[in-house]
Amino acid sequence: MEAENLQVEKMRHSLSHVMAAAVRELYPTTTFGIGPAIENGFYYDIDFGESKVSDADLPKIEKKMRGIIARGCEMRAREVSRDEALAWAKENKQVYKEELISELPEGETITFYDLVDPKNGEVLFADLCKGSHVENLKEIGAWKLDRIAGAYWRGDEKREMLTRLYGLAFATQEELEAYLEQQEEAKKRDHRKLGKELDLFCFSDLVGSGLPLFTPRGTILRDMLNELAQGYRVRCGYRKVCIPHIATVDLYKTSGHYQKFPELLKFISQESGDELALKPVNCPHHSQIFASAPRSYKELPVKYLETTMVYRDERKGELGGLSRVRAITQDDSHVFCTEDQVEGVFGELIESAKDLYAKVGMKLTLRLSFRDDGDGYIGDAEMWEKAQTAIERMAKKFEMEYFVGVGEAAMYGPKMDFMAVDALGREWQLATVQLDYAMPTRFGLEYTDADGGKKTPIMIHCALLGAIERFMSIFIEHTAGWFPLWCAPEQVRVLTVNDKAEAYVKEVEKALRGVVLDEPIKNNQLRFEIDRTDDSLGKKIKRATAMKIPVVLIVGEKDAEAREVSVRTRDGEEKVGLDELVGWLVARS
RNA sequence: GCCGUGUUAGCUCAGUUGGUAGAGCAGCCGCCUUGUAAGCGGCAGGUCGUCAGUUCAAGUCUGACACACGGCUCCA
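When we follow my numbering, the leftmost residue of the first sequence carries the number 16, and every step to the right adds one.
Written as structure tokens, this is what we have:
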């Protein structure tokens with residue numbers, strides 16, 4: 016397996032050289048950046064200078080590449096000195112290569128790979144490269160050029176914008192096709208497409224980009240997911256609070272967001288001239304509820320819970336569907352507690368996260384998000400050390416497998432981030448539990464301890480869904496829109512065959528009206544519709560299926576006679592007696 | 001923000017070399033009373049993303065803007 020992976024990587028890497036050779040032949044004045052092998056293929060970043068390149072040019076480049084491969088060219092390594100390499104780069108006006116070479120240590124031996132036609136010894140392309148490569152292009156498997164995109168030189172937006180040509184490459188044709196098929200499947204499940212088809216949310220240019228509007232159906236889904244996420248904490252003694260969505264900027268100067276959080280949206284009051292901001296987080300507001308009264312150690316831990324929107328001025332190019340928005344709903348909670356209560360609070364939240372993700376059918380992995388050396392943080396080094404050690408100790412105590420993500424911490428402290436794996440095997444950061452020694456200090460929060468002295472509480476931030484919008488985008492793709500019964504916007508649809516069994520349809524309606532599900536959330540009154548239109552049954556079924564309604568009940572004269580309903584679900588068809596219908600539905604939730 | 005692609009009826013899409021727009025579905029109106037994924041017929045529906053420009057003439061060509069989609073170090 017190892018050897019196979021290595022071979023595929025060699026092949027992908029060699030293909031990037033072949034692509035460069037083809038490009039140079041077609042566009043002689045280009046300057047080359049880097050051309051690595053990647054997960055599903057390869058790319059090359061190229062500066063095309065004056066020439067414009069677009070998707071339409073890909074077939075031309077691909078054809079040229081196939082020609083080079085058909086010639087049976089070889090990849091030959093050649094060692095040169097650093098000075099020789101620099102001279103080569105200068106002579107050929109390869110400024111990017113020159114930059115790369117000049118960064119290599121003095122005296123280092125450098126490898127070049129030549130793409131050579133063995134029949135006449137012609138060198139089609141010579142490139143600075145550490146390898147490794149296939150020996151002969153005959154070893155190359157299945158590949159195709161994929162798309163064209165822009166990429167900053169070395170990923171730095173202050174530097175030149177190069178054109179990146181992406182290619183896909185696999186060992187066999189089957190693997191390439193399987194990959195393309197998987198892409199197709201992902202496209203079919205795309206939450207933006209399903210969001211429209213299932214009537215869950217929409218956008219309006221008048222409202223603005225990155226600002227989703229939820230329809231009645233989408234709102235039900237949101238509410239159900241939120242209820243699930245809040246339920247765990249309500250049962251652990253969290254109490255709901257409610258705050259306004261704006262505050263004076265003084266609040267964020269105190270919290271540090273004004274200085275460290277560029278996405279903060281600010282505005283000036285025409286009335287008072289005050290500078291205000293839309294809340295980018297909820298903790299400062301919540302801290303002021305804690306600060307509103309003298310607190311005793313006896314009432315700790317104080318646990319607040321609120322699902323509410325925060326607003327962030329995200330970079331426009333990064334907005335997309337529900338996964339990246341400017342108005343974000345967090346199922347947020349904040350706990351103010353003593354040092355020795357931290358473990359208990361974390362324990363409850365970890366158990367809740369595990370249970371919630373099991374209920375939605377996603378596997379969890381744990382990332383401990385620690386700080387890096389950047390300056391986007393508040394609080395002193397000692398405090399960070401203490402918090403990070405505590406987080407790691409808890410991961411061990413609760414027997415969670417974890418890895419450490421450096422540079423992933425929040426502004427005010429390290430986080431325990433739960434990564435959920437969806438049906439397509441993709442990993443997403445959703446639930447998060449954060450330990451914060453900084454915010455309480457900045458806000459001067461305190462409580463009176465048993466000895467009468469004042470102490471600073473510790474704050475624990477948590478969101479189990481993370482952002483509801485993001486969670487929904489993933490959940491929609493995870494389920495492909497086939498939501499479990501408990502959270503489906505429309506759980507049951509009754510289809511009449513004709514108008515001759517209306518009396519019986521009314522009986523069924525009455526039975527459904529009495530159905531209340533209690534799992535996984537309590538008091539979940541059944542949501543159902545009755546399709547009495549005079550369309551054919553086939554058409555009604557098609558419509559209900561397109562909306563991915565989990566349970567479809569067909570009720571006609573034959574059913575009335577037998578006092579049953581014809582049930583149609585994704586699993587198939589069956590008959591259920593009217594008397595058993597309620598129990599049948601409850602059992603399926 | 002930057003690079004590339006796109007925007008035609010509520011939705012999915014046609015629209016050849018510039019000659020003032022088409023289909024299917026959905027909608028509405030009839031007929032059909034229908035048994036497990038589209039019954040039949042008719043009607044209505046569009047400043048072709050927006051604003052400029054070129055032209056006798058622009059959905060089609062040019063420019064700007066808006067919005068959407070894909071990408072923006074898996075470090076020779």
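Even for Gly, the Cβ is constructed at its ideal location relative to N, Cα and C.
- Setting aside the 5 residues that flank it on each side, Ile261 is surrounded in the same chain by Leu291, Ala292, Leu293, Lys294, each with a C-beta closer than 8 Å to its C-beta; the list follows chain order.
- Taking 7 Å as the cut-off, the beta carbon of Arg91 is found closer than this to the beta carbon of Val131.
- With a cutoff of 7 Å on beta-carbon distance, Glu589 and Val582 are scored as near each other.
- In the three-state scheme derived from DSSP, where H, G and I count as helix and E and B as strand, His148 is classed as coil.
- Where Leu240 is concerned, the enclosing alpha helix (DSSP H) starts and stops at 231 to 250.
- Per DSSP, reduced to three states, the secondary structure at Asp132 is strand.
- For Asp161, the enclosing beta strand (DSSP E) covers residues 157 to 167.
- Around Ser384, the same chain offers Gly420, Glu423, Ala424, Pro429, Lys430, Asp432 as residues with beta carbons nearer than 7 Å, after the five sequence neighbours per side are excluded.
- Between Val580 and Val523 the beta-carbon gap is near 6 Å, inside 8 Å, which marks them as a contact.
- Comparing alpha-carbon positions, the option among Leu221, Ile235, Glu196 lying closest to Asp214 turns out to be Ile235.
- Per the C-alpha coordinates, the member of Trp399, Thr494, Glu492, Ala405 positioned closest to Met454 is Trp399.
- Relative to Gly56, the option among Leu195, Ala18, Leu266, Pro120 whose CA is nearest is Leu195.
- Membership of Trp443 in the beta strand (DSSP E) is indicated by the continuous run 442 to 451.
- Contact between the segment 455 to 474 and the segment 341 to 348 is absent, with fewer than three C-beta pairs closer than 8 Å.
- In the assembly as shown, Ser270 is a buried residue. Its beta-carbon has 16 or more other beta-carbons within 10 Å.
- Taking the Cα positions, Pro299 is about 21 Å away from Ser284.
- Less than 7 Å divides the Cβ of Tyr427 from the Cβ of Asp451.
- Burial check for Phe361: the Cβ neighbour count within 10 Å reaches 16 or more, so the residue is buried.
- Distance from the CA atom of Leu160 to the CA atom of Gln109, rounded to whole angstroms, is 24 Å.
- Going by C-alpha positions, Ala308 is about 30 Å away from Leu280.
- Taking a C-beta distance under 7 Å as the contact criterion, Phe140 and His32 qualify as a contact pair.
- A buried status is given to Glu492, since no fewer than 16 other beta-carbon atoms sit within 10 Å of its beta-carbon.
- Distance between Ala201 and Ala495, taken at the CA atoms: about 9 Å.
- Secondary-structure assignment with DSSP links Asn539 through a beta bridge to Leu532.
- DSSP, read as helix, strand or coil, puts Thr494 in helix.
- Counting only runs that start and end inside the segment 253 to 338, the alpha helix (DSSP H) elements of at least 4 residues fall at 264 to 270, 272 to 275, 298 to 305.
- With a cut-off of 8 Å on Cβ pairs, the segment 226 to 241 is in contact with the segment 475 to 485, counting three or more such pairs.
- Just measuring C-alpha positions, the residue of Asp328, Pro227, Gly440, Asp388 sitting nearest Pro277 is Asp328.
- Per DSSP, reduced to three states, the secondary structure at Ala518 is helical.
- Taking 7 Å as the cut-off, the beta carbon of Phe413 is found closer than this to the beta carbon of Ile365.
- Taking a contact as a CB-CB distance under 8 Å, the pair Asp289 and Thr263 counts as one, their CB atoms being some 6 Å apart.
- Assignment of Phe433 by DSSP, reduced to helix, strand and coil, places it in the strand class.
- Between the alpha carbons of Ile393 and Asp387 lies a gap of roughly 12 Å.
- Relative to Lys25, the option among Ile49, Asn538, Asn151, Glu65 whose CA is nearest is Asn151.
- For the segment 63 to 136, the continuous alpha helix (DSSP H) assignments of 4+ residues that do not extend past its boundaries occur at 73 to 85, 97 to 106, 110 to 117, in sequence order.
- Assignment of Tyr59 by DSSP, reduced to helix, strand and coil, places it in the strand class.
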